[in-house]
Amino acid sequence: MKSIYKVTFLCAAVATLAACGPKGADENNTTDAAGSDTSIEAKIGQLATVELTADLSGLSENERKMLPFMFAAADIMDELFWEESVGDKKAFLDTIKDPNIRRYAMINYGPWERLNDDKPFVKGVGKKPEGANFYPKDMTKEDFDKWTSPRKKGLYSMVRRDDGGFLQTIPYHEYFGDKIDRAAALIDSAAKYADDKGLKNYLTLRAKALRTDEYQASDMAWLDMKNNNIDFVIGPIESYEDKMFGYRAAHEAYILIKDKKWSDKLAKYAAMLPELQAGLPVDGKYKAEKAGSDSDLGAYDVVYYAGDCNAGSKTIAVNLPNDEEVQLKKGTRRLQLKNAMRAKFDKIMIPISDELIDPSQRANITFDAFFSTIMFHEVAHGLGIKNTINGKGTVREALKDEGSALEEGKADILGLYMITKLHEKGEFSKKSLTIAT
Ligand SMILES: [Zn+2]
Numbered sequence: 005m006k007s008i009y010k011v012t013f014l015c016a017a018v019a020t021l022a023a024c025g026p027k028g029a030d031e032n033n034t035t036d037a038a039g040s041d042t043s044i045e046a047k048i049g050q051l052a053t054v055e056l057t058a059d060l061s062g063l064s065e066n067e068r069k070m071l072p073f074m075f076a077a078a079d080i081m082d083e084l085f086w087e088e089s090v091g092d093k094k095a096f097l098d099t100i101k102d103p104n105i106r107r108y109a110m111i112n113y114g115p116w117e118r119l120n121d122d123k124p125f126v127k128g129v130g131k132k133p134e135g136a137n138f139y140p141k142d143m144t145k146e147d148f149d150k151w152t153s154p155r156k157k158g159l160y161s162m163v164r165r166d167d168g169g170f171l172q173t174i175p176y177h178e179y180f181g182d183k184i185d186r187a188a189a190l191i192d193s194a195a196k197y198a199d200d201k202g203l204k205n206y207l208t209l210r211a212k213a214l215r216t217d218e219y220q221a222s223d224m225a226w227l228d229m230k231n232n233n234i235d236f237v238i239g240p241i242e243s244y245e246d247k248m249f250g251y252r253a254a255h256e257a258y259i260l261i262k263d264k265k266w267s268d269k270l271a272k273y274a275a276m277l278p279e280l281q282a283g284l285p286v287d288g289k290y291k292a293e294k295a296g297s298d299s300d301l302g303a304y305d306v307v308y309y310a311g312d313c314n315a316g317s318k319t320i321a322v323n324l325p326n327d328e329e330v331q332l333k334k335g336t337r338r339l340q341l342k343n344a345m346r347a348k349f350d351k352i353m354i355p356i357s358d359e360l361i362d363p364s365q366r367a368n369i370t371f372d373a374f375f376s377t378i379m380f381h382e383v384a385h386g387l388g389i390k391n392t393i394n395g396k397g398t399v400r401e402a403l404k405d406e407g408s409a410l411e412e413g414k415a416d417i418l419g420l421y422m423i424t425k426l427h428e429k430g431e432f433s434k435k436s437l438t439i440a441t
């Protein structure tokens with residue numbers, strides 16, 4: 005039996021996951037006798053609270069010492085995300101007296117429901133600004149179009165008006181000043197305890213990146229990490245919060261503990277890709293490329309989400325970095341967040357299957373099968389060809405806006421193909437692929 009340690013020094017290791025639940029949260033706010041908002045209470049009731057735990061028994065003494073620094077740095081990313089999304093967190097929360105609305109605002113990082121088209125749930129706040137708080141509230145798209153700054157599409161800056169009312173960019177490390185300095189110092193402190201060279205190098209470069217908003221060297225170092233037990237994804241990463249243009253990246257952090265057993269399985273199957281590619285039932289020219297050279301897959305348990313990735317629905321897998329130059333040079337790493345997947349499986353998949361699947365077949369709905377299906381889907385992204393056979397560029401460019409749907413469909417089908425082929429080779433000899441009834 006492996007021992008499971010709860011991350012107890014962290015009250016916020018409790019993440020709220022979106023789940024299906026009782027319907028009927030009233031669109032119009034209603035209050036009970038005590039004046040508390042019951043419709044919001046019902047909405048909170050639709051969410052499941054889950055404790056995220058991880059097996060820390062494989063961590064060394066020094067690795068455990070790194071964690072508190074990481075949690076503290078992650079909390080700063082959380083503060084920065086509030087500012088990017090809404091503005092002053094404290095000033096905003098102080099305007100809300102109702103404890104339910106306050107709690108719901110904390111979950112949503114603001115007064116708009118993230119899992120319900122950003123509908124406002126606090127009276128008088130109006131529509132969520134498309135550009136969140138990355139841009140001045142009064143800035144129109146026309147203002148932006150007329151603006152000639154070469155930095156206006158920058159990933160790592162806030163846009164504000166100067167004293168003369170002209171638009172200007174302010175790099176994150178200047179805009180957030182002290183907070184960035186504190187976060188970088190905490191990452192440096194964590195790096196002191198890193199025995200793994202790859203992790204130490206990454207953390208050191210990442211702290212520097214936060215101080216300068218130059219992330220490429222740290223992204224490269226992140227891809228070079230191979231033997232780390234702890235992973236720390238931190239910084240301004242995704243640009244979904246900027247719905248006006250999708251230019252500006254929002255801060256977030258994940259603290260992850262490697263699941264050795266499942267990571268080894270992933271590595272084992274990824275290593276079989278060239279052989280499986282050769283066996284694909286298609287003409288030779290459609291499988292001439294070497295398969296999966298950029299696949300680096302790992303399974304992790306997430307012990308902390310902060311900022312962007314904690315807002316609304318929880319991420320269960322990440323494929324990073326986003327920098328295309330880095331991707332071309334070194335590929336990406338895909339991290340599967342196993343305990344978060346497990347929570348979604350228990351709280352979402354099982355209740356749905358209880359409604360939709362015939363009782364005689366429900367015994368087949370197991371987490372093992374669910375995780376394996378996702379695992380092979382991810383591995384299967386490495387199968388097939390990346391470049392068109394007529395030498396006219398990449399398959400992705402040729403498929404344009406249909407590329408991503410077809411790539412996902414391909415990964416689903418080829419994932420099942422891989423499972424079947426591996427089964428034929430005796431890989432899962434104890435498991436039946438036919439439905440047990
Ligand atoms: Zn996929």
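When you number the sequence shown by this note's numbering, it's gap-free, plus one each residue, and the end is 441.
From the three backbone atoms N, C-alpha and C, an ideal C-beta is built for every residue, glycine too.
Predicted model, so just to flag it, every value in this text is computed and none were measured.
*Could you check where the alpha helix (DSSP H) with H381 kicks off and where it finishes?*
Here residue 381 is taken as the residue at index 377 of the sequence shown, counted from 1. 371 to 384 is the span of the alpha helix (DSSP H), which, as asked, contains H381.
_Exposure label - L360; buried when at least 16 CB within 10 Å_ = Here residue 360 refers to the residue found at position 356 of the sequence shown. L360 counts as exposed, since fewer than 16 other beta carbons sit within 10 angstroms of its beta carbon.
*Taking 6 Å as the limit, tell me which residues put their C-beta closer than that to any heavy atom of ligand 1, in chain order.*
In chain order, the qualifying residues are H381, H385, E412, A415.
*Best match in Q172, E83, T208, L171 for proximity to S189 [C-alpha to C-alpha]*: Here residue 189 refers to the residue found at position 185 when the sequence shown is read from its first residue. Checking the sequence, you will find Ala at residue 189 rather than Ser. That would be T208, whose Cα lies nearest to the Cα of A189.
*Under 8 Å between the Cβ atoms of A194 and M81?*
Working through the sequence shown from its first residue, we reach residue 194 at position 190. Working through the sequence shown from its first residue, we reach residue 81 at position 77. No, the Cβ-Cβ distance between A194 and M81 is not below 8 Å.
*Inspect the beta-carbon positions of I259 and V322 and report whether they are closer than 8 Å.*
For this step, residue 259 is matched to residue 255 along the sequence shown. For this step, residue 322 is matched to residue 318 along the sequence shown. Going by C-beta atoms, I259 is not nearer than 8 Å to V322.
*Do you know offhand how far Y244's Cα is from E412's?*
The residue labelled residue 244 in the question sits at position 240 within the sequence shown. The residue labelled residue 412 in the question sits at position 408 within the sequence shown. Cα to Cα, Y244 sits roughly 20 Å from E412.
*For E45 versus N104, is the C-beta distance shorter than 8 Å?*
The sequence position of residue 45 within the sequence shown is 41, counting from 1. The sequence position of residue 104 within the sequence shown is 100, counting from 1. Going by beta carbons, E45 and N104 fall inside the 8 Å limit.
*Might you give, ordered along the chain, the residues of its own chain that have their beta carbon closer than 8 Å to the beta carbon of T398, omitting 5 neighbours on each side?*
Counting from one through the sequence shown, the residue named residue 398 turns up at place 394. Leaving aside the five residues that flank T398 on each side, the residues in its chain whose CB is nearer than 8 Å to its CB run, in chain order, K390, N391, T392.
*asked:* Which of the three DSSP states is assigned to T173 in this structure?
replied: Taking the sequence shown and counting its residues from 1, one reaches residue 173 at position 169. T173 falls in the strand class under three-state DSSP.
*Are the Cβ atoms of A78 and A310 separated by less than 8 Å?*
If you number the sequence shown from 1, residue 78 lands on position 74. If you number the sequence shown from 1, residue 310 lands on position 306. Contact flag set, yes.
*Would F380 pass as a contact of I320 if the rule is Cβ separation under 8 Å?*
In the sequence shown, the residue the question calls residue 380 occupies position 376. In the sequence shown, the residue the question calls residue 320 occupies position 316. Cβ distance not < 8 Å, so F380 and I320 don't count as in contact.
*Excluding five sequence neighbours on each side, which residues of the same chain lie with their C-beta closer than 6 Å to the C-beta of G288?*
The sequence position of residue 288 within the sequence shown is 284, counting from 1. Cβ neighbours of G288 beyond the five flanking positions: none.
*List the whole-angstrom C-beta distance separating L466 from L387, where the pair is believed to meet the contact cut-off of C-beta under 8 Å.*
This structure cannot speak to residue 466, because the chain is shown only from 5 to 441.
*Can you give me the start and stop residues for the beta strand (DSSP E) that M74 sits inside?*
On the sequence shown, position 70 is the one that residue 74 refers to. Membership of M74 in any beta strand (DSSP E) is not indicated; the residue belongs instead to the alpha helix (DSSP H) covering 65 to 89.
*asked:* Per DSSP, what are the beta-bridge partners of P123 in this structure?
replied: Reading the sequence shown from its first residue, position 119 is the one you call residue 123. Here residue 123 turns out to be Lys, not Pro, going by the sequence shown. E117.
*Counting along the chain, where does the beta strand (DSSP E) carrying F236 start and finish?*
Taking the sequence shown and counting its residues from 1, one reaches residue 236 at position 232. Where F236 is concerned, the enclosing beta strand (DSSP E) starts and stops at 234 to 242.
*Using a threshold of 8 Å, state whether the C-beta atoms of P133 and R165 are closer than that.*
Residue 133 sits at position 129 when you count from the first residue of the sequence shown. Residue 165 sits at position 161 when you count from the first residue of the sequence shown. Their beta carbons are not under 8 Å apart, which means P133 does not touch R165 by this criterion.
*Which whole-angstrom value describes the C-beta separation of I378 and Q340, a residue pair presumed to lie in contact below a C-beta threshold of 8 Å?*
The residue given as residue 378 occupies position 374 in the sequence shown. The residue given as residue 340 occupies position 336 in the sequence shown. Confirmed, Cβ separation roughly 7 Å.
*Leaving aside the five residues before and after G202 along the sequence, list all residues of the same chain whose C-beta is less than 8 Å from its C-beta, in chain order.*
Position 198 of the sequence shown, counted from the start, is the residue given in the question as residue 202. Shown here for G202: same chain residues with a beta carbon closer than 8 Å to its own, the five before and five after excluded, namely A225, D228, M229, K230, N231, N232 in chain order.
*Does the beta-carbon of L410 have 16 or more other beta-carbons within 10 angstroms, so that it is buried, or is it exposed?*
Counting from one through the sequence shown, the residue named residue 410 turns up at place 406. Flag for L410 reads exposed.
*Starting from the Cα of F375, find the closest Cα among A384, W266, V54, A415 and give me that residue.*
Here residue 375 corresponds to residue number 371 of the sequence shown, with the count starting at 1. With distances taken between Cα atoms, F375 lies closest to W266.
*Contact under 8 Å by Cβ, I184 with R210*: Here residue 184 is taken as the residue at index 180 of the sequence shown, counted from 1. Here residue 210 is taken as the residue at index 206 of the sequence shown, counted from 1. Inclusion of I184 and R210 in the CB contact set at 8 Å is not warranted, their separation being larger than that value.
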